[in-house]
Structures are given as C-alpha cells and as structure tokens.
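Asks: Take this structure first; my questions come after.
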Amino acid sequence: MDKRILIPTDFSKNALNAARYALDLYAKLNCEFYFLNVFSLDGYTTKSLYFPEPDSAEYRIAQAKSHDSFLKLLDMLKLHNDNPKHAFHTISTYNYLSEAIKRTIAEKDIDLIVMGTQGASGTKGVIFGSNTVKAMEKIRECPVMAIPKNVKFSIPKEIVFPTNFKATFKRRKLSYLIEIAKMFESTVRVLYVSKKHDLTELQEINKQLLQDIMEPIKYNFHNLTENDVSEGITSFVESRNSDMIAFINHKHFFFNSVFSKPLVKEIGYKAIVPILALH
-1 MDKRILIPTD FSKNALNAAR YALDLYAKLN CEFYFLNVFS LDGYTTKSLY FPEPDSAEYR
59 IAQAKSHDSF LKLLDMLKLH NDNPKHAFHT ISTYNYLSEA IKRTIAEKDI DLIVMGTQGA
119 SGTKGVIFGS NTVKAMEKIR ECPVMAIPKN VKFSIPKEIV FPTNFKATFK RRKLSYLIEI
179 AKMFESTVRV LYVSKKHDLT ELQEINKQLL QDIMEPIKYN FHNLTENDVS EGITSFVESR
239 NSDMIAFINH KHFFFNSVFS KPLVKEIGYK AIVPILALH
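Oh and the sequence shown: position 161 is 159 in my numbering, straight run, nothing missing.
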C-alpha cells in the first residue's frame, strides 16, 4: 500500500532539505508525496476580513508564481532522486497554513507530515519556526516530522524515545516509530529523565506494555537523573550522536515541557536531529 506524505513548502532551502530527507527516508517504499504551498497576495493577509476572489488578477498571478516554483522544485527533486516508487503531486492554495494542512490530510488521507524547521522567514538562532511548532502541537490526525536546517539524511541507527511512562502506550501511536526502526534496523533508546528512578506501579505497568509493543525491534531502557528534562534529553542525544528523536505528543503537556523554546535555545543553531512527533 502506498504511503501518503504531505510536505508543506515555501520553496526555501530548508523546505527543500526536508523534502530531500523524506525522499531518502522512504526510498524503498511506494509513496505519494503531496507538496503544499500556501501562497500570499500583496495587500492581503490571512488575518484580513476579506479573502481575494479566485478569479481576480492578483490571485491568478500569485497562483501562477506558485505553480512555476513547483515546476522548479520537482525538477530539483528528480535530479536528487528519480525514484520510480515515488509519485509527486502539488497543491497551491490561499488559506491559513494550519487549515490548508488539515484539509489536505482529510482529502488525501495523509499518513505523515514532513516539515523543515525554519522557513524563508526564519531568524538566526531559532530552530523551530512558529509554523512547525504549531503543526507539531495542533495537528492530531497524523505524525509530524521536523527536519532541522542543513541536516542531511543518514540512516537512523539510533532513535531516542523520551517518556515519563505516565500514560498508557498505544500500538497505533507507535506504529511509525516501529516502522522506521524495522526499515533501518535501528535501536530505540527509551529515555526516562527524572530526579527519581523508582517507578510507580502504574509506570511499571506502562513500561511493560511498551516492552510488548517494541518486541519486534531492538530497544534499550536508559535512566538519567536530571532536574531539567530538556537538558537531559539534549545531553543524551548529543553525547551519543543519536540520529533522531521520537516522542508521543500527549496534547500540550509533554510537548511544552520538553520541546519548548528553552530546549531550542540550549541546542542553539548547531546541527541537531530530526524530531518525530507521534499522535
């Protein structure tokens, strides 16, 4: 069965880098790639009360510009990897980015979103662009993978999976992590960062469930005694040269406590690893 992957793009270098990473990550699978560009018009913003008419001259010009940029993008991607297993589709629209993403997920039955972490308007020192953060927080329909600037694809030999064992694990939510680990024979490092290493009875039950779910892949458990969860994850990933971070985004709590701005500032704008937000 084909995998359907959505890649929002603003035609920046970072968006192109994310697309190339996705093509390489799923090089062995039959995939339908949907590239989404939310274009803008001079004199209009998505905050305006009035949206431009689709048959207006301004709208047609902006849409044509988006179409031309897609032609160039597709040529570059074919030069990068002209894979017969991959099919490309393009979508140009004027909308709120989050609404355009959700509509595309529903209409195209999207399995995964891949985004660059910093678009054309990115500022120095900011790894997660606001659009990527919003997508990772708000998109609940499918996983979101964020690809940092300048990070080229390499086989993910080691994937760090931080968890506090407080919530029950679901096989469905972990399916993408398991799939990637199987494809590349990756080892998943389950990381528990806490002042206390002793688990409650509920945490022990959840840990055992996680072991059952991860039975088909290679995995290890690791404990770190840290006051700050984000610092613990950062130091663990950097010290081991891990290739990817995957986490279950339990609504807002875990996301804000681990992948908030302080973690981004800590890492700075060095080359960091792709992050897979599971839902």
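No residue lacks a Cβ here, since even glycine has one placed at the ideal position from N, Cα and C.
A quick note: this is a predicted structure, and the numbers were derived from the prediction, not measured.
Out of curiosity, what's the CA-to-CA distance linking residue 344 and residue 52?
Replies: Residue 344 is absent from the structure shown; the chain starts at -1 and stops at 277.
Asks: Could you name the residues of the same chain whose beta carbon sits closer than 6 Å to that of residue 18, not counting the 5 residues immediately before and after it, in chain order?
Replies: 78
Asks: Bridge partners for residue 218 per DSSP, in chain order?
Replies: 187
Asks: Select from 129, 230 and 115 the residue whose C-alpha is nearest the C-alpha of residue 159.
Replies: Of the listed residues, the one whose Cα sits closest to residue 159 is 230.
Asks: Does the Cβ of residue 94 have 16 or more other Cβ atoms within 10 Å, making it buried, or fewer, making it exposed?
Replies: exposed
Asks: Using a Cβ-Cβ cut-off of 6 Å (strictly less than) and excluding sequence neighbours within five positions of residue 172, which residues of its own chain qualify?
Replies: Within the same chain, 211 come within 6 Å of residue 172 by CB-CB distance, once the 5 residues on both sides are set aside.
Asks: Closest to residue 115 by C-alpha separation, out of 73, 15 and 235, would be which residue?
Replies: 15
Asks: Keeping to the same chain, check which residues put their C-beta closer than 6 Å to that of residue 199; ignore five residues upstream and five downstream.
Replies: none
Asks: For a test of the three-state rule: what should DSSP assign to residue 108, helix, strand or coil?
Replies: coil
Asks: Using a Cβ-Cβ cut-off of 6 Å (strictly less than) and excluding sequence neighbours within five positions of residue 68, which residues of its own chain qualify?
Replies: Correct list, in chain order: 88.
Asks: If you drop the 5 nearest sequence neighbours on each side, which residues of the same chain put their C-beta closer than 6 Å to that of residue 83?
Replies: 28
Asks: Which word fits residue 156, buried or exposed, when buried means at least 16 other C-beta atoms lie within 10 angstroms of its C-beta?
Replies: buried
Asks: What number of angstroms, rounded off, separates the C-alpha of residue 7 from the C-alpha of residue 217?
Replies: 34 Å
Asks: Rounded to the nearest angstrom, what separates residue 240 and residue 85 at their Cα positions?
Replies: In this model, residue 240 and residue 85 are separated by some 31 Å (Cα to Cα).
Asks: To the nearest angstrom, report how far apart residue 39 and residue 56 are at their CA atoms.
Replies: Approximately 7 Å between the Cα atoms of the pair.
Asks: For the segment 3 to 85, list the beta strand (DSSP E) runs that are entirely contained and at least 3 residues long, ordered along the chain.
Replies: 29 to 36
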